[in-house]
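Written out below as C-alpha cells is the structure these notes cover.
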Amino acid sequence: MNQIADIVPILVELLKPYNPENKTLNAETDIPAELNIDSVGVLDFIMEVEDKYDIEIPMNAVANIRTIGELANYVFDKLSKA
Amino acid sequence: MMVDLLDKHKGILERVQRMTAMGINGLGVTNDRMISPTRAMVGNREIILAGTNNYMGITFDPRCIAAGQKALAEFGTGTTGSRIANGSFALHGELERELASFLGLKHCIIFTTGYQANLGMLSGLAGPNDTIFLDADSHSSIYDGCTLSGAKLVRFRHNDAADLDKRMARAEDTGGGRLVVLEGIYSMLGDRAPLKDFVALKKKHQFQLCVDDAHSFGVLGPHGRGLGDEAGLEDDVDFVIGTFSKSVGAIGGFGASNHPLFESLRYAMRPYMFTASASPASIATSIEALKILKAEPERRTKIMENSARLYNGLKGLGLTMGCDVVSPVIAVVMPDELSTVSKWDGLFKAGVYVNMAVPPGTPKGLCLLRCSVSAAHTTEEIDRIIAIFKEAVAN
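Which chain is which? The protein sequence lines are A and B, in order.
Our numbering puts the first residue of the first sequence at 216, with every later residue one more than the last.
Our numbering puts the first residue of the second sequence at 1005, with every later residue one more than the last.
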C-alpha cells in the first residue's frame, strides 16, 4: 500500500522534466510558483501522475492543489478509495 | 495589509517589457491601413500579412461590403440587446437558416463572437453532473467554456484516441452525460483531429461528440463544412461549433446540430442570453460570405495549393515544422522565446507579419512563428514569404 511518504519522492521524480535547475523539492514545494511552471505545464504533469497511479485527477481538482504534499494527499485518498 | 490584486500579473508584464525594451512589440502591432486581405500599411511600410486567419480572403469582397453597407443603412449600427430580448433582427434568423443549410443540419444558433460560441455551447451542453473530455491542445475558449459548465473536466493527450479510451475507462461515473470535444484544425500547430479514431470509441463509451471547426469551417471537406465533411463522418458528429472571424471574414460564431432538443440551448446558454447580439452589418456580410463559399469552391483549392507551397517551402529551408500535415495553419518551431522574438522582428522588418506564439498559449511549451495562409495570397506573395523566412529565420 502506498503511503503519503512513499508518494512524495515519486512525484518529485515525475517533476524532473519540469525542474531544469535541479531545485531541491519536498512536500512543501509549491509546484507552479517554485518551479515556474505555467498552467498548461501543470496540467501536463498531472497527466503523468494520473498515468503513473492509474487514477483520475479531474482538472477541477487541480485548482485546489499547490504543493507536492497536497498532491500526494490527493493521490493517497484516490488510491485508498480504489 | 492589503494585497494588491494586480501583483499576480507582474511576471507577465515583465516578460512583455523585456521584449519592448528590445524595440520589439510582437503583441501590439497596429495595422494603420488595410490595403487588401493580404496587405496592410504599418506606419509607412507595406507588410504582407501571413498571420490573419483570413482563410478565404473574403474581407474585401465587394459583394460582402455592399451587403454590410445595406444592412447598416436599413438596420442601424447595432442591435443594443440580447437575442432573447430586443436583439433578434430578421438578419439573425436568416443567417441561422443559411448556415444550417450550408452545414446540412437542422438547427443553428449564432453568437456574437467565436469565443462566446465555445463558452455558450460547452456550458450549455454540459453541467455539473456531466463529464467533458477535452484534447490537451484545445483552444483557450474551449477550456473556458468547459470551466464555465461546471462539469467534471478530463484532459486527454493530444490527438490520441487510445489515451481517451484509457481515460474514459477509468473515469469515475458521475451519473451524467459525457461530451468529447475535438478541433478540426488545431490553431497553433495546424494538425487535424483523427476523427475516425475518436468516432470508433463512441459505441464503446457512449458519449456525444462536439467538433470545433473554427479553423476548418470553409476550408476542409468537399463542401467546406469542416472536419466531418472531409472525413465523411458528419453523421457521427453531434455538435459543430464555428466562427465567422476566419473563413467568413466577419465576427461572430455558431453552434449547429441535428439534435431535436437543440433549440432549448437558446434558453440555457448564458453567453448567448446575456450579451448583445451581433451587429447587423457583420451578420449581413456573413450571409453573403456563406453564399460565396458555397458558389466558389475554387477558393478551397487555392488555399490548399497556397498552404502546400508555403509548408514545403519552409520545410525546404530546414526549419522545424509544427506538424507533418499541410493545412492553412503553418507553424515553425523555434528553440526558445528570445530567438522567437528576435526572428519575428527580423521577419516583420523585412515585410512579413506572422503570429508570435509563446507559452502558455502554445502546447508543450513550444515557441512558434505561426503563419496562416489565405486563398487570396498570390503565388508571388507565398514565394516572397518563403524568401524572407530564408533571409530572416533560416540563416
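We treat Cβ as the ideally placed atom computed from N, Cα and C, and that holds for glycine.
Everything numeric in this text was worked out from a predicted model, so none of it was measured.
Run through the DSSP bridge pairs and tell me what Arg1374(B) is partnered with. For Arg1374(B), which the question treats as bridged, DSSP gives the partners Ala1335(B) and Asn1359(B).
Strictly below 9 Å CB to CB, what residues from chain B border Leu258(A)? Ala1140 and Arg1159
I'd like the list of long-range same chain contacts for Val1203(B), defined as Cβ closer than 6 Å, with 5 residues on each side in sequence excluded. Leu1237 and Asp1240
Taking all protein chains shown into account, decide if His1111(B) is buried (16 or more other Cβ within 10 angstroms of its Cβ) or exposed. buried
Assuming Ala1071(B) and Glu1395(B) make a contact with CB atoms under 8 Å, what is their CB distance in whole Å? The Cβ separation is near 41 Å, so there is no contact.
State the beta-bridge partners of Ala1044(B) as determined by DSSP. Looking at the DSSP output, Ala1044(B) sits in a beta bridge with Met1038(B) and Ile1051(B).
At which residue ranges does the region 1099-1150 of chain B contain complete alpha helix (DSSP H) runs of 4 or more residues, listed in the order of the chain? 1118-1129
Examine chain B for any beta-carbon lying closer than 8 Å to the beta-carbon of Pro232(A), and answer yes or no. no
Among Gly1355(B), Met1360(B), Ala1361(B) and Arg1374(B), whose alpha-carbon lies nearest the alpha-carbon of Gly1047(B)? Gly1355(B)
Any C-beta of chain A within less than 9 Å: which residues of the region 1341-1358 of chain B qualify? none
Chain A contacts from the region 1142-1156 of chain B (Cβ-Cβ distance under 7 Å): Lys1156
Could you please give me the residues that DSSP links to Ser1261(B) through a beta bridge? His1111(B)
Can you pull the chain B neighbours of Pro273(A), defined as C-beta to C-beta under 7 Å? Lys1156, Leu1157 and Val1158
Among the residues of its own chain, which have a CB less than 6 Å from the CB of Ala1285(B), if the five just before and after it don't count? Gly1072, Ala1075 and Leu1076
Does DSSP put Thr282(A) in a helix, a strand or coil? strand
Beta carbon of Gly1194(B), beta carbon of Asn1133(B): below 8 Å? no
Under 8 Å between C-beta atoms of Leu1205(B) and Leu1168(B): yes
Run through DSSP, which three-state label would Lys1156(B) get? Three-state DSSP puts Lys1156(B) in a strand.
Thr1344(B): buried (16+ other C-beta within 10 angstroms of its C-beta) or exposed? buried
In angstroms with no decimal places, state the Cα-to-Cα distance between Leu1099(B) and Ile1287(B). 7 Å
Compute the distance between the beta-carbons of Lys1250(B) and Asn1057(B), then report whether it is under 8 Å. yes
Beta-carbon of Val264(A) versus every beta-carbon of chain B: anything under 8 Å? no
From the DSSP output, in three-state form, read off Thr1247(B) for me. strand
How would you write the range of the beta strand (DSSP E) that Asp1216(B) sits in, first residue to last? Gln1212 to Asp1216
Within this structure, are the beta carbons of Ser1144(B) and Thr1279(B) separated by less than 8 Å? Not a contact, by the Cβ cut-off of 8 Å.
May I ask you to report which of helix, strand or coil DSSP gives Arg1087(B)? Looking at Arg1087(B) - three-state DSSP - the assignment turns out to be coil, as it is neither helix nor strand.
Does the structure place the region 1172-1188 of chain B close enough to the region 1092-1107 of chain B that three or more beta carbon pairs sit under 8 Å? no
Is the closest heavy atom of the ligand FMN to the C-beta of His1227(B) under 7 Å? As for the ligand FMN, it is missing from this structure, which has no ligand bound.
Who are Ile1183(B)'s beta bridge partners in DSSP? Sequence inspection shows Leu at residue 1183(B); the Ile mentioned does not correspond to that position. By DSSP's assignment, Leu1183(B) forms a beta bridge with Ile1136(B) and Gln1212(B).
Among Lys1200(B), Glu1102(B), Gly1149(B) and Arg1303(B), which has the Cα closest to the Cα of Gly1118(B)? Measuring from the Cα of Gly1118(B), the nearest candidate turns out to be Gly1149(B).
In chain A, what lies closer than 7 Å to Arg1182(B) by C-beta? Near Arg1182(B) there are no residues of chain A at all, since even the closest Cβ is about 13 Å away, more than 7 Å.
Can you give me the C-alpha to C-alpha distance between Met274(A) and Gly1246(B), rounded to a whole angstrom? For Met274(A) and Gly1246(B), the distance between alpha carbons rounds to 25 Å.
Compare the Cα-Cα distances from Phe1137(B) to each of Cys1214(B), Asp1349(B) and Gly1228(B) and report the closest residue. Of Cys1214(B), Asp1349(B) and Gly1228(B), the residue nearest in Cα terms is Cys1214(B).
Between Gly1055(B) and Arg1374(B), how many whole angstroms is the CB-CB distance? I'm expecting something under 8 Å. Indeed they touch by this definition, with Cβ atoms about 6 Å apart.
Cα-Cα, which of Val1330(B), Cys1068(B) and Phe1258(B) is closest to Ile1189(B)? Considering only alpha carbons, the answer is Val1330(B).
Have a look at Leu1157(B) and Thr1024(B) and give me their C-alpha separation to the nearest angstrom. One C-alpha to the other measures close to 37 Å.
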